[in-house]
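Enquirer: Structure below; questions to follow.
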Amino acid sequence: MSRRLSFHPHRVVIPVCIAAAGLLMLLVAHDGGRLRPFDEGVLLALREPADRADPIGPFWLEIFFRDVTALGSHAVLTLLVLAAAIYLRLLRQHASVLLLALSVLGGTALSAGLKLVFDRPRPDLVAHLADIHTASFPSGHAMLSAVAYLTLAGLVARVQPRPALARFVLGSGIALTGLVGISRVYLGVHWPSDVLAGWCLGAAWALISRILVERWDRRRLALRTDG
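Each residue of the sequence shown is one higher than the one before, starting from 11 at the first, in my numbering.
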């Protein structure tokens, strides 16, 4: 009788994301020269050749991405996470509340720290179509949306009665994270490599936080049972 093998996505996703983010950080630390053709090429491809202040596509697309980018802002994510944490607290889901806190607070601290360390200037190649106040690398919107939406999607997905529903929830979280990151490049406020690093770091941190909290919860339940 053959032994059934189980697949754990985090065993693949975490190393790949950390390796990709590490490579991007290494390249950015060395003045980002090797990334410049890629970064500049993508930014210019998203602007009209005759006017770099004008993004490609109809005007409603610019409005769409202005609205989408707000979904990765500190204000929106704070309100969303607070509401979710209060809801989970009322349900006495203490491990889930801890997971949210560890993911979001830890991710915020990591993002802010990396911005201070790298202090990468914002793109000056095209006009900025959104307000900016911090350094460019990594993209805080991309990283924190990955942390928050992937963590929330994971919490909702694991209580779904059918695998198809769980996949839909996870896919929605991934799609929303992707749109927020794309909006930052479309609006000209981030280099594409900033967003890629934010996605990788955010996904890795969300999964690492989940593993840590799940281990803590299992140990807590084991101690309660033994006691």
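We treat Cβ as the ideally placed atom computed from N, Cα and C, and that holds for glycine.
(1) Given LEU139, which residues of its chain have a CB within under 6 Å of its CB, disregarding the five upstream and five downstream residues?
(2) Do GLY188 and ALA239 come within 9 Å of each other at the CB atom, strictly closer than that value?
(3) At which residues does the beta strand (DSSP E) containing PRO65 begin and terminate?
(4) How big is the Cα-Cα spacing for LEU37 and GLY181?
(5) Using only the alpha-carbon positions, how far apart do GLU50 and CYS210 sit?
(6) When you compare only the Cα positions, how much space is there between ALA174 and LEU165?
(7) What does ARG57 pair with, by DSSP beta-bridge criteria?
(8) Shortest alpha-carbon distance to ARG225 belongs to which of SER106, CYS27, TYR97?
(9) Runs of 4 residues minimum, wholly inside the stretch 180–214: which ones carry the alpha helix (DSSP H) assignment?
(10) For GLY32, which of helix, strand or coil comes out of DSSP?
(11) Under DSSP, the alpha helix (DSSP H) around ARG99 begins and ends at which residues?
(12) Considering only residues of the same chain and omitting the five flanking positions on each side of ARG99, which have a CB-CB separation below 8 Å?
(13) In angstroms, rounded to a whole number, what distance separates the CA positions of SER121 and PRO59?
(14) Contact between the stretch 57–74 and the stretch 202–218 is defined here as three or more beta-carbon pairs at a separation below 8 Å; is this criterion met?
(15) Can the beta-carbon of VAL195 be found closer than 9 Å to that of LEU53?
Expert: In this structure, then:
(1) Sequence-distant Cβ neighbours of LEU139 in its own chain, meaning closer than 6 Å and more than five residues away, are LEU197, GLY198.
(2) Lying before the first or after the last residue shown, residue 239 is absent from the chain, which here runs from 11 to 237.
(3) 61–65
(4) 30 Å
(5) 20 Å
(6) 15 Å
(7) PRO65
(8) SER106
(9) For the stretch 180–214, not a single whole alpha helix (DSSP H) run of length 4 or above is found.
(10) helix
(11) 84–100 is the extent of the alpha helix (DSSP H) around ARG99.
(12) Within the same chain, ARG99 has close Cβ partners VAL107.
(13) 33 Å
(14) no
(15) yes
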